[in-house]
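Participant:
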Amino acid sequence: MNRPIPKPPHAVTPRARAFAARAFAGLAVAAVAALVPLDTVAAQEEGYRAPSEEIIRILDAPSLPNLEVSREGGWAALLTRPAMVALEDIAEPRLHLAGYRLNPRTNGPAVAGRAPIEAVELIRLGDQHRVQLQLPAGAAVEYASWAPDGSVLLFSIVGARGYELWKVEAGSATPSRVGAGYLNAAHGDPCQWMADSREAICRFVPEGRGAAPERPRVPSTPRIQEADGEPAPARTFQDLLQDGHDANLFEFYFTAQLAFVDVASGRTTPVGAPAIFDAVTPSPDGSHLYVVRTVRPFSYVVPDRWRTNDWFPREMEIWTRGGQMVRKVASLPLEENVAVDDSRSGPRGVTWQPGSDAALVWVEEIGGSGDGPRDRVLRIATPTSEPEVVLELDDHFDRMAWTRDGRGLVTEIDRFPRRAASWTRSWLVTPEADGWSSRMVEDRSAEERFGAPGTPVTRGATLLGDGDWIFLQGDGVTPDGEQPFLDRMNLRTLATERLWESDPERYEVPVELVAGGVERLIIQSESPADPPNFHLVETRGEAQVALTDLGDPAPQLQGVGRQVLTYAREDGIRLAGVVYTPPGWDGETRLPTVLWAYPREFVSPDAAAQVPGENRRFTRISGASHMFFLLEGYAIFDGPSIAILGGLTANDTYIEQLVSSTQAAVDAIVDAGIADRDRIGVGGHSYGGFMTANLLAHSDLFRAGVARSAAHNRTLTPFGFQNERRTIWEAPDVYMGMSPFMYAHQIDDPILLIHGADDANPGTFPVQSERMFHALKGMGKTSRLVMLNYEDHGYGARESILHTLWEMMEWFDRHVKHAPPRATATEDGAG
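Reminder that position 567 of the sequence shown reads as 572 in this note's numbering, one-by-one numbering, no gaps.
#1: Is it true that the CB of L562 sits closer than 8 angstroms to the CB of A573?
#2: Could you give the DSSP three-state label for V616: helix, strand or coil?
#3: Quick check: G377 and V368, are their CB atoms within less than 8 angstroms of each other?
#4: Is the segment 205-217 touching the segment 235-247, taking contact as three or more C-beta pairs under 8 angstroms?
#5: Measure the beta-carbon distance from S744 to T720 and round it to whole angstroms, keeping in mind my assumption that it falls under 8 angstroms.
#6: Flag this pair as touching only if the segment 783-796 and the segment 726-737 have three or more C-beta atom pairs under 8 angstroms; answer yes or no.
#7: If you reduce the DSSP assignment to three classes, tell me which class L365 lands in.
#8: Give a yes or no on whether the C-beta atoms belonging to S774 and L793 are separated by under 8 angstroms.
#9: Roughly how many angstroms separate the alpha carbons of D764 and F770, rounded to a whole number?
#10: Going along the chain, which residues of its own chain have a beta-carbon closer than 7 angstroms to the beta-carbon of G155, five neighbours each way excluded?
#11: Which whole-angstrom value is the C-beta distance of L100 and L254, which I expect to be below 8 angstroms?
#12: Whole-angstrom Cβ separation of Y305 and L107, contact assumed at under 8 angstroms?
#13: Given P338, which residues of its chain have a CB within under 6 angstroms of its CB, disregarding the five upstream and five downstream residues?
#14: Using 8 angstroms as the Cβ pair cut-off and three pairs as the minimum, do the segment 596-605 and the segment 639-652 touch?
#15: Applying the 10 Å Cβ sphere with the 16-neighbour rule, what's the burial state of N112?
#16: Can you confirm whether the segment 475-486 touches the segment 529-546 when touching is taken to mean that 3 or more C-beta pairs between the two stretches lie within less than 8 angstroms?
#17: G120 and R86: beta carbons closer than 8 angstroms?
#18: What is the rounded straight-line gap between the Cα of A824 and the Cα of P180?
#19: By how many angstroms is the C-alpha of D797 removed from the C-alpha of S714?
#20: From the DSSP output, in three-state form, read off N7 for me.
#21: Between the segment 287-302 and the segment 314-328, do three or more beta carbon pairs fall short of 8 angstroms?
#22: Am I right that L491 and P515 are in contact with their C-beta atoms under 8 angstroms? What's the rounded C-beta distance?
#23: How would you label A232, buried or exposed, when you count the other beta carbons within 10 angstroms and need 16 or more for buried?
#24: W432 and S450 look like a contact to me (Cβ under 8 angstroms); what is the Cβ gap, rounded to whole Å?
#25: Is M199 helix, strand or coil when you go by DSSP?
#26: Using 10 angstroms around the beta-carbon of R841, count the other beta-carbons present and answer buried if the total reaches 16, otherwise exposed.
#27: Closer than 7 angstroms by C-beta to A117: which residues in its own chain qualify, once you throw out the five before and the five after it? Chain order, please.
#28: Who are the Cβ neighbours of H717 in its own chain at under 6 angstroms, not counting the five residues just before and after it?
#29: Determine the contact status of Q488 and P458, defining contact as a CB-CB distance below 8 angstroms.
#30: In this structure, how does DSSP classify I206 when only helix, strand and coil are distinguished?
#31: Quick one: give me the first and last residue of the beta strand (DSSP E) that A640 is part of.
#32: Starting from the Cα of P224, find the closest Cα among L414, D248, E235 and Q262 and give me that residue.
#33: For I752, which option in P195, G768 and K782 has the closest C-alpha, if you only look at C-alpha atoms?
#34: Going along the chain, which unbroken runs of the beta strand (DSSP E) with 3 or more residues stay wholly within the segment 54-124?
#35: Less than 8 angstroms separating the beta-carbons of A500 and W407?
#36: Scan the segment 446-487 and note each continuous beta strand (DSSP E) run of 3 residues or more that stays entirely inside, going in chain order.
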């Protein structure tokens, strides 16, 4: 287990309620502990470690390529990435600007957990003729997309100086560079095809841009922030702009020149002046561009964007092809005062309406308060016409898509429910002579997995279908297992017909409707014995053609056992989870066990027990997965329901429900004759790591724990976390009682803390694990801290993944697998 890494082959319990009396004492201990240096004897160990050769071979095995299918269905591109990225790649210099991480050399995103594409193969779907592209040596490919007519594949190659635009004609093996400029990929994919398949609209690094601004050796001003007296609750964001120099760097690297590119000749035609273009999309007829520009002033307390919210100022405009503005859709000011997880004012979800020439649709918050409508969908028929109201929504807008004949499907969701369950509704909107009509299509609990009707199949904002019919794709979740399906639904009658469903002996899921119809599908097919591969299927017959043929990277996992356990916790809430047993288990010997979980908030008690039955999927393990413990002789209780019920005040009893749910899970796996009660470890990532530390502090169910990328002190996330909407000043006992940092003195079983040193996830700053370790060490607790260089909230580098697996296995082998029986058990169940 202790070996150098080889090269890859391809080069509030009662204690919580009593917390207030001890809070300051605990903080005092932590303050002293913070002075303890990290360099213990263990920390002096040098070098990255690796697990067994068996595990390394599995991790290095090829994974299923990405699939890019041309819209008209003639060709598909298989895009192959290495299984893992190298540490030296994620170690490249990066800038942390306004919530983004940028590689200044390439003017594109910093490499994170996904390696770039290294091979591209084209497949003619009619006869499966294959062509392997002859890429330049060492080429790193990104952002591949087919022309609308399927004639050309456009993609980027990340060269020494940045992103170059390349193309290859369908059927050719020889790609060529398009033009000589460098693309600006700071905001992601820099190009979009025009509808004519001859041109693309792209963002380029402006010619003659010069060198980036240098930071002054001596600051010209102190760092100053000021509050204006208006509430401005915010998550604890990372990668924010820190000063004026950062703001200048953000403007420098994100400013781009728009240009039309003639793909055949490489000729570029600039459009408008350089700007920070957040979004650029051509109208369906190609006559106009919808353009969103980011402008000053920038913020030092919120990122440019978070989830669906744009917080920096935006100018939302419609331009002609020549760059002339013909409509100002909106001017959005800097927004620092939006409540956590709420939507900002102004247009959002803006998109051209498919099937129109240049009609634009969007959603806006209506404003006000009370029980009236919250959001409304608006539309302009032309770039210069007046807006019309399409639909008003009582709840939060979620998404919308449109048929080619102008009908739309709009979905709303009650994310923070006023009902007994989280709820979703969908509406069919139809243009009429005197406005728009609406009809409810779906009205159900968003937590209900069993019997869910499926989700509309879309390409961008277009509903795929034929005439009055649209397609629905669903998971087919039942208590007996999952059987994914493809239906079609009549928009007039709402009747549905089953077009295709997975083989009952396999797990198959639609990946692409070839040419937008249902005669041919590309599916991903697998079974417990067969790894996932892509297949071309004739839905009206039995014909099926394999497009990929990846073998089993881990035949030793064929003997893994799987069973669903259903059980009840002490208050009668039904729960469920999936147990895996290692290959070769005799069915009688009690096993060391890893319980790996992630707590979830439920509104409906019934939803907590919705775990599908028989699994027909292939057991493929990748990354720093806990499932590798199966190869070391452990049983895995994977994702048991750790149910936290109670709606918006669920966290008032978080600790009680956490311990009760976990106690029930442990009892169930022990009663099933699988686990040895004295040899069970617990682990989790992010909120699961938070769970792990709390369980070690408030129970004696486990011999050791692994907490990865976790938050341990909720006073550092004072404006909310997960689904907690109250602030720390509104619910101080909740924040304190849920913080394992405040109960570090009660953690008597060994805990391993692992964290990405560059974790950008709000709420899980690396300091969370560092301070937790300081507290544990200061109080003499058995603990270990591993900070993974350059890693984010998830771990991507090969070296980091292998080392994480080595750490987890060494920790649980020492403290769980080979642990002696407990001498005694405490009466109250607290460790």
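Just so it is clear, CB atoms sit at the ideal spot from N, CA and C, and this is done for glycine as well. Model, not experiment: these values are computed from the prediction.
Facilitator: Looking at the coordinates:
#1: Reading the sequence shown from its first residue, position 568 is the one you call residue 573. Reading the sequence shown from its first residue, position 557 is the one you call residue 562. Taking 8 angstroms as the cut-off, the beta carbon of A573 is found no closer than this to the beta carbon of L562.
#2: Counted from its first residue, the sequence shown places residue 616 at position 611. DSSP places V616 in coil when its eight states are reduced to three.
#3: As a first step, residue 377 is located in the sequence shown; it is residue number 372 there, counting from the start. As a first step, residue 368 is located in the sequence shown; it is residue number 363 there, counting from the start. Not closer than 8 angstroms, so no.
#4: In short, these stretches do not touch, since the Cβ pair count stays below three.
#5: Walking along the sequence shown from the start, residue 744 turns up at place 739. Walking along the sequence shown from the start, residue 720 turns up at place 715. With a Cβ gap of about 7 angstroms, S744 and T720 count as contacting.
#6: No, the segment 783-796 is not in contact with the segment 726-737.
#7: Your numbering for residue 365 matches position 360 in the sequence shown. DSSP places L365 in strand when its eight states are reduced to three.
#8: Here the question's residue 774 lines up with position 769 in the sequence shown. Here the question's residue 793 lines up with position 788 in the sequence shown. Cβ atoms of S774 and L793: not closer than 8 angstroms.
#9: Start at 1 with the first residue of the sequence shown, and residue 764 comes out as number 759. Start at 1 with the first residue of the sequence shown, and residue 770 comes out as number 765. Straight-line Cα distance between these residues: approximately 6 angstroms.
#10: Position 150 of the sequence shown, counting from 1, holds the residue named residue 155. If you ignore the 5 residues before and after G155, its C-beta comes within less than 7 angstroms of the C-beta of S75, R76, E77, G79, W80 and A175, all in its own chain and listed in chain order.
#11: Looking up residue 100 in the sequence shown gives position 95. Looking up residue 254 in the sequence shown gives position 249. Contact holds; Cβ gap of about 6 angstroms.
#12: If you number the sequence shown from 1, residue 305 lands on position 300. If you number the sequence shown from 1, residue 107 lands on position 102. Contact doesn't hold; Cβ gap of about 18 angstroms is too wide.
#13: Stepping through the sequence shown from its first residue, residue 338 is reached at position 333. Take P338, set aside five residues on each side of it, and the residues of its chain with a beta-carbon closer than 6 angstroms to its own are P318, in chain order.
#14: Yes, the segment 596-605 touches the segment 639-652.
#15: If you number the sequence shown from 1, residue 112 lands on position 107. Around the CB of N112, 16 or more other CB atoms lie within 10 Å, so the residue is classed as buried.
#16: Segments in contact, no.
#17: Position 115 of the sequence shown, counting from 1, holds the residue named residue 120. Position 81 of the sequence shown, counting from 1, holds the residue named residue 86. The sequence given here places Ala at residue 120; Gly does not occur at that position. Contact flag set, yes.
#18: Locating residue 824 in the sequence shown gives position 819, counting from the first residue. Locating residue 180 in the sequence shown gives position 175, counting from the first residue. Those two C-alpha atoms are separated by around 59 angstroms.
#19: Along the sequence shown, one-based indexing puts residue 714 at 709. Along the sequence shown, one-based indexing puts residue 797 at 792. Going from the Cα of S714 to the Cα of D797 covers about 9 angstroms.
#20: If you number the sequence shown from 1, residue 7 lands on position 2. Annotation note: pLDDT 43 at N7 (below 50); position unreliable, no value reported.
#21: As far as the Cβ criterion goes, the segment 287-302 touches the segment 314-328, which means the pair count is three or higher.
#22: Translated into positions along the sequence shown, residue 491 becomes position 486. Translated into positions along the sequence shown, residue 515 becomes position 510. Indeed they touch by this definition, with Cβ atoms about 5 angstroms apart.
#23: In the sequence shown, residue 232 corresponds to position 227, counting from 1. Taking every protein chain shown into account, the CB of A232 has fewer than 16 other CB atoms within 10 angstroms, so this residue is exposed.
#24: For the purposes of this step, residue 432 is identified with residue 427 of the sequence shown, where counting begins at 1. For the purposes of this step, residue 450 is identified with residue 445 of the sequence shown, where counting begins at 1. That belief does not hold up - the Cβ atoms of W432 and S450 are roughly 17 angstroms apart, past 8 angstroms.
#25: Residue mapping note: residue 199 aligns to position 194 of the sequence shown, counting from 1. Looking at M199 - three-state DSSP - the assignment turns out to be coil, as it is neither helix nor strand.
#26: One cannot answer for residue 841 here, as it falls past the ends of the chain, which runs 6 to 836.
#27: As a working note, residue 117 is residue 112 in the sequence shown. So the qualifying residues of the chain are I95, D797 and G801.
#28: What you label residue 717 is simply residue 712 of the sequence shown in a count that begins at 1. Only A698, P745, F746, Q773 and M777 meet the Cβ criterion.
#29: Residue numbering aside, residue 488 sits at position 483 when the sequence shown is read from its first letter. Residue numbering aside, residue 458 sits at position 453 when the sequence shown is read from its first letter. Cβ atoms of Q488 and P458: not closer than 8 angstroms.
#30: Within the sequence shown, the letter at position 201 stands for residue 206. Of the three classes helix, strand and coil, the one that applies to I206 here is strand, per DSSP.
#31: Position 635 of the sequence shown, counted from the start, is the residue given in the question as residue 640. Counting along the chain, A640 sits inside the beta strand (DSSP E) bounded by residues A640 to D643.
#32: Mapped onto the sequence shown, residue 224 falls at position 219. Closest by alpha carbon: D248.
#33: For the purposes of this step, residue 752 is taken as the residue at position 747 of the sequence shown. Answer by Cα proximity: K782.
#34: The beta strand (DSSP E) runs lying completely inside the segment 54-124 and spanning 3 residues or more are 71-74, 80-85, 100-102 and 105-108, given in chain order.
#35: Translated into positions along the sequence shown, residue 500 becomes position 495. Translated into positions along the sequence shown, residue 407 becomes position 402. Contact: no.
#36: Fully enclosed beta strand (DSSP E) runs of 3 or longer: 474-479.
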